[in-house]
Amino acid sequence: MQDTLRTRMGWLHAWVGFAAGLVLFCVFATGCLAMFDTELTRWCQPEAPPQTDTFSPRSLDRLLPDVQDLIAQGEKPFITLPSLRDPYLRLQHHDGYEFLTVPYNPQTGERLAARVTVGGTFFYNLHYTMRTGIYGETLIALAGLALLVTIGSGVIIHLKGLVSDLTLLRPFASRLRAWLDVHVVASVPFLPFIVLMAYSGTFIRARTLFPPVSYTASIENVFRTPAPSVPETPEKQPAPPSRPFPPLAPILSEAERTLGTGQVGFILFLSQSILVSRTDASGPLLTREHVDFSPVDGHVLRHVLLPSPITHTQQVLDGLHYARWTGYGMRWLYFLSGVMGAIMFASGSVIFLMKRRRQSGRKIMFRIAEGLAIGSIVGFLMATVAFFWANRLLPIALHDRPFAEGYVFLAVWVLSMVAGLGWSGLHRPFQGWKIQLFCLGTLGFFLTPLDLATRPGASLFHAPTVFAATDLVALLVALVSFQMARRL
Amino acid sequence: MTIFVCTLLWSLSLLLQALHEPKMLRIAHLQRPAFLKPVRWTRFALPVLALMLCFLERASTAVLVWAATFSLAAVLVALGWSALARYREYFSMGARKNL
Amino acid sequence: MAAHFITLGSPKWGPGARHDATIFGQMIAIAVFPILLLIAVGTRSPLRGGLIAGAVCLIAALAVVLSP
Numbered sequence: 001m002q003d004t005l006r007t008r009m010g011w012l013h014a015w016v017g018f019a020a021g022l023v024l025f026c027v028f029a030t031g032c033l034a035m036f037d038t039e040l041t042r043w044c045q046p047e048a049p050p051q052t053d054t055f056s057p058r059s060l061d062r063l064l065p066d067v068q069d070l071i072a073q074g075e076k077p078f079i080t081l082p083s084l085r086d087p088y089l090r091l092q093h094h095d096g097y098e099f100l101t102v103p104y105n106p107q108t109g110e111r112l113a114a115r116v117t118v119g120g121t122f123f124y125n126l127h128y129t130m131r132t133g134i135y136g137e138t139l140i141a142l143a144g145l146a147l148l149v150t151i152g153s154g155v156i157i158h159l160k161g162l163v164s165d166l167t168l169l170r171p172f173a174s175r176l177r178a179w180l181d182v183h184v185v186a187s188v189p190f191l192p193f194i195v196l197m198a199y200s201g202t203f204i205r206a207r208t209l210f211p212p213v214s215y216t217a218s219i220e221n222v223f224r225t226p227a228p229s230v231p232e233t234p235e236k237q238p239a240p241p242s243r244p245f246p247p248l249a250p251i252l253s254e255a256e257r258t259l260g261t262g263q264v265g266f267i268l269f270l271s272q273s274i275l276v277s278r279t280d281a282s283g284p285l286l287t288r289e290h291v292d293f294s295p296v297d298g299h300v301l302r303h304v305l306l307p308s309p310i311t312h313t314q315q316v317l318d319g320l321h322y323a324r325w326t327g328y329g330m331r332w333l334y335f336l337s338g339v340m341g342a343i344m345f346a347s348g349s350v351i352f353l354m355k356r357r358r359q360s361g362r363k364i365m366f367r368i369a370e371g372l373a374i375g376s377i378v379g380f381l382m383a384t385v386a387f388f389w390a391n392r393l394l395p396i397a398l399h400d401r402p403f404a405e406g407y408v409f410l411a412v413w414v415l416s417m418v419a420g421l422g423w424s425g426l427h428r429p430f431q432g433w434k435i436q437l438f439c440l441g442t443l444g445f446f447l448t449p450l451d452l453a454t455r456p457g458a459s460l461f462h463a464p465t466v467f468a469a470t471d472l473v474a475l476l477v478a479l480v481s482f483q484m485a486r487r488l
Numbered sequence: 489m490t491i492f493v494c495t496l497l498w499s500l501s502l503l504l505q506a507l508h509e510p511k512m513l514r515i516a517h518l519q520r521p522a523f524l525k526p527v528r529w530t531r532f533a534l535p536v537l538a539l540m541l542c543f544l545e546r547a548s549t550a551v552l553v554w555a556a557t558f559s560l561a562a563v564l565v566a567l568g569w570s571a572l573a574r575y576r577e578y579f580s581m582g583a584r585k586n587l
Numbered sequence: 588m589a590a591h592f593i594t595l596g597s598p599k600w601g602p603g604a605r606h607d608a609t610i611f612g613q614m615i616a617i618a619v620f621p622i623l624l625l626i627a628v629g630t631r632s633p634l635r636g637g638l639i640a641g642a643v644c645l646i647a648a649l650a651v652v653l654s655p
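Protein chains in written order, with the numbering used here: chain A, 1 to 488; chain B, 489 to 587; chain C, 588 to 655.
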């Protein structure tokens, strides 16, 4: 073969793309779900009524005993105020893996009797750490760099047909042709989004790859101190009993005088101060501007806003990546773009395997690669749907319920990976793809009946949007899976 | 609403672009329509109009909404065109059988 | 390594306070990494690609060492 720029880039695109693609598929898929983390948490707590009363600042004080309990356990709790996306007051804290949330009535401050769940924040955390703390963050930041390399090489390969093939999709052509078209249609129109997400995502976690100290010092630090990836629970020192906090309503009103009415997003409780922070929904700049108050008498300590041009650029990148400023329309566009990013990696991996099957199909490395692809692509989606099944089927009184939900997810994923490797090892990879696609389809298809059966007060004629949208997306995934299993 | 209108404008623009591509016409078994020549600049004007709409709604996020609606429109046109190509293929095969 | 040296040197030549300059360095490093890799792999001879990437790395390293 002639050695041209295109062939060299083709080699780079294929190998870097496949190696990082399996991780990036999961990153894009979890990113899509994290777009609706609040809504998914609401799906996971069906006992909370869909409609609630209007917010009263006085209700905040009713949460203070629970805040103090968490502080006594060494946590850093915060209260998120009701918003367009979520009508409840929520008391949250990070358990070392995820943000756990408890809903409260926004008018009375009474705790709502909802099941304990890890909710949508499970996917948010999985998106950037893979539940392995700093090691996961580094791996995903590295995958982000690989994504930038893959995009660059992909654009160079496809430069000639970038405009003419923009909307060219031939699903009924030969298999390889069809997959290539899917790959191009899922990637070229979404290049602006994918580049933005790759760059801003890697930048947000840049500290892990490009620390401001030399690599030698960083590596020494890793071996000197235990990694912060380990859940912090055993290290947490119970705080001494704290004084009662001052009433929060005047604090909120004072903060609104600086931040603007309705611009407060959450209240964070630290030992030395109470931080009242601007809502992330206030605009595309994720400023995290906050007003700090004394936890003793509630007087203003300081107002923090970083105004330099570099910080502004950072805030824009953060804001565009987290997309918390968006309305529902834009949120769905982000979701769709993320889905297409995941499809881009799935189709890219399939093409990589198809092109090498004839020559290397019997080699052990190829079989491992295909097994991993089955587990990473179909297995991941299956584990995701299994997570929602676990949320509804696990006993409500189960001890450490959030962990159990996570374990179900991981167990299904590992099982799928092992099964994929098994089928591939037995030279029957298509069987592996088909069985897992069928399982995914079945789990997705029956999620709607499960939701209707386990949601209190559910009826076909009154399906609140959060539940209906989740069920419909699962149904769509199921139908696509069945169709793919049929056509394989 | 802006998202919907922008997607519509982008879809029209990409549809016109597809009608200008010989490859796209070939897979759908179509001839280049006669009305294309007088409206050939429209495909460039429509995205500009969409961008103006986005700016009018909210300047700080206009480019992002504009780019996102472009992506959505491209997928819609790709899916629509592939369905049309499939339909035309059946149609032309049926016509051939009748001959 | 070039990307690492850019981040490492950025507090010396970057704008504003140390924190801002480091962030600025990281922004550049993330953009430079894929570009350099594409250049290194994309050139006809691997030696030429390596030389270009090596030169950028050297300049970044010099900025770390020599900047006041």
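From the three backbone atoms N, C-alpha and C, an ideal C-beta is built for every residue, glycine too.
Check                                                                                                                                                                                     : Outcome
Once the 5 residues before and after A/Val300 are set aside, which same chain residues still bring their CB inside 7 Å of it?                                                             : Glu254, Val291 and Phe293
Look up A/Arg90 in the DSSP assignment and give the residues it is bridged to.                                                                                                            : A/Thr80 and A/Pro103
Do you know offhand how far A/Val195's Cα is from A/Phe28's?                                                                                                                              : 13 Å
Answer with yes or no whether the minimum CB distance from A/Val188 to chain C is below 8 Å.                                                                                              : no
Does DSSP put A/Thr233 in a helix, a strand or coil?                                                                                                                                      : Its pLDDT being 49, under 50, A/Thr233 is placed unreliably in this model, and the value from its coordinates should be taken loosely. In the structure shown, A/Thr233 sits in a helix (DSSP, three-state: H, G or I).
For C/Val628, return the contacting residues in chain A, with the cut-off set at a CB-CB distance below 7 Å.                                                                              : Arg8 and Leu12
Classify A/Trp11: buried if its beta carbon has 16 or more other beta carbons within 10 angstroms, exposed otherwise.                                                                     : exposed
Just how far apart, CA to CA, sit A/Met130 and A/Phe122?                                                                                                                                  : 10 Å
With a floor of 4 residues, list each alpha helix (DSSP H) that falls wholly inside the stretch 279–363 of chain A, ordered by position along the chain.                                  : 309–322 and 328–360
DSSP on A/Arg111, reduced to helix/strand/coil?                                                                                                                                           : strand
Give me the chain A residues within the contact set of C/Ile646, using Cβ-Cβ distance strictly less than 8 Å, ordered along the chain.                                                    : What C/Ile646 touches in chain A: nothing, since even the nearest Cβ is about 17 Å away.
Span of the beta strand (DSSP E) holding A/Phe193?                                                                                                                                        : Taken as a continuous stretch (DSSP letters only), A/Phe193 belongs to no beta strand (DSSP E), being part of the alpha helix (DSSP H) at Leu191 to Ile204.
Using 8 Å as the threshold, is the C-beta distance between A/Glu405 and A/Phe380 below it?                                                                                                : no
Mind checking which residues open and close the beta strand (DSSP E) that includes A/Gly265?                                                                                              : Val264 to Phe269
Between A/Val149 and chain C, is any beta-carbon pair separated by less than 8 Å?                                                                                                         : yes
Can you list, in chain order, the residues of its chain whose CB lies under 6 Å from that of A/Trp179, leaving out five sequence neighbours each side?                                    : Ser347, Val350 and Ile351
If I follow the unbroken alpha helix (DSSP H) through A/Asp53, where does it start and stop?                                                                                              : Premise fails: A/Asp53 is in no alpha helix (DSSP H) and is neither H nor E.
Could you name the residues of the stretch 289–313 of chain A whose beta carbon sits closer than 7 Å to any beta carbon of chain F, in the order they occur along the chain?              : As a matter of chain content, chain F is missing from the structure shown, whose protein chains are A, B and C.
Would you say the stretch 515–533 of chain B touches the stretch 556–573 of chain B, given that touching needs at least three Cβ pairs under 8 Å?                                         : yes
Just by C-beta distance, which residues in the stretch 330–358 of chain A are closer than 8 Å to chain B?                                                                                 : Met330, Leu333, Tyr334, Leu336, Ser337 and Met340
Taking a Cβ distance cut-off of 7 Å, strictly less, list which residues of the stretch 602–625 of chain C are near chain A, in chain order.                                               : Pro602, Gly603, Asp607, Thr609, Ile610, Phe611, Gln613, Met614, Ala616, Ile617, Phe620, Pro621, Leu624 and Leu625
Starting from B/Ser580, find everything on chain A with Cβ-Cβ shorter than 9 Å and list it in chain order.                                                                                : Residues of chain A passing the Cβ test: none, with the nearest at roughly 14 Å.
Could you please give me the residues that DSSP links to A/Ile156 through a beta bridge?                                                                                                  : According to DSSP, A/Ile156 bridges with nothing at all.
Alpha carbon to alpha carbon, how far is A/Ser271 from A/Ala19? Give it in angstroms, no decimals.                                                                                        : 45 Å
Would you tell me roughly how many angstroms separate the C-alpha atoms of A/Thr442 and A/Ala474, rounded to the nearest one?                                                             : 10 Å
Between A/Phe482 and the ligand ADP, is there a pair consisting of the residue's CB and a ligand heavy atom that are separated by less than 7 Å?                                          : Inclusion of the ligand ADP in the displayed structure is not the case, the ligand content being empty and no account of it being possible.
Check whether the stretch 362–372 of chain A and the stretch 425–434 of chain A touch, using three or more Cβ-Cβ pairs below 8 Å as the test.                                             : yes
I need the straight-line Cα distance from A/Asp37 to C/Ala650, nearest angstrom please.                                                                                                   : 44 Å
Please work out which residues of its chain come closer than 8 Å, Cβ to Cβ, to A/Ile157, disregarding the five sequence neighbours upstream and downstream, and give them in chain order. : Arg6, Met9, Gly10 and His13
Output needed for C/Leu623: all residues of its chain with C-beta closer than 7 Å, excluding positions within five of it in sequence on either side, in chain order.                      : Ala589, Ala640 and Val643
Any Cβ of chain B within less than 8 Å of the Cβ of A/Met169?                                                                                                                             : Before going on, a small fix: residue 169 of chain A reads as Leu here, not Met. Judged by the 8 Å Cβ criterion, A/Leu169 is in contact with chain B.
What does A/Val535 pair with, by DSSP beta-bridge criteria?                                                                                                                               : This structure cannot speak to residue 535 of chain A, because chain A is shown only from 1 to 488.
Let me know the secondary structure DSSP gives A/Ala478 once reduced to three states.                                                                                                     : helix
Helix, strand or coil for C/Cys644 per DSSP?                                                                                                                                              : helix
Along chain A, which residues have their Cβ under 9 Å away from the Cβ of B/Lys511?                                                                                                       : Gly161, Ser164, Asp165 and Leu168
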